[in-house]
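Note sheet for the following structure.
Residue numbers (this note's numbering): 48 to 120.
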């Protein structure tokens, strides 16, 4: 809770004290950043899917008794 309050107040302080910045980012850099973000998100989705399927494979499945097991008793 304290971290979120601190984050909130720092964000308010940064927004309230804006200054003019003289910087330039060429379009190629912006495209490269977007490409890296998309590749990272697709890679994360792929590995999360693999990890989830691995955990599901470890979980024992419910086995239903068949009719042949009941008649042999």
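Using N, Cα and C, we set each Cβ at its ideal position, and we do this for glycine too. Since the model is a prediction, treat every value here as computed from it, not as a measurement.
Residue i to residue j span [Cα, whole Å]
i           : j           : result
residue 83  : residue 90  : 10 Å
residue 61  : residue 51  : 15 Å
residue 49  : residue 63  : 21 Å
residue 81  : residue 109 : 45 Å
residue 101 : residue 78  : 35 Å
residue 56  : residue 66  : 18 Å
residue 54  : residue 88  : 25 Å
residue 93  : residue 85  : 12 Å
residue 58  : residue 71  : 23 Å
residue 69  : residue 96  : 43 Å
Chain-order list of residues whose beta-carbon lies under 8 Å from that of residue i (same chain, five-residue window excluded)
i           : result
residue 103 : none
Proximal residues to residue i (C-beta, below 7 Å), its chain only, five neighbours per side dropped
i          : result
residue 99 : none
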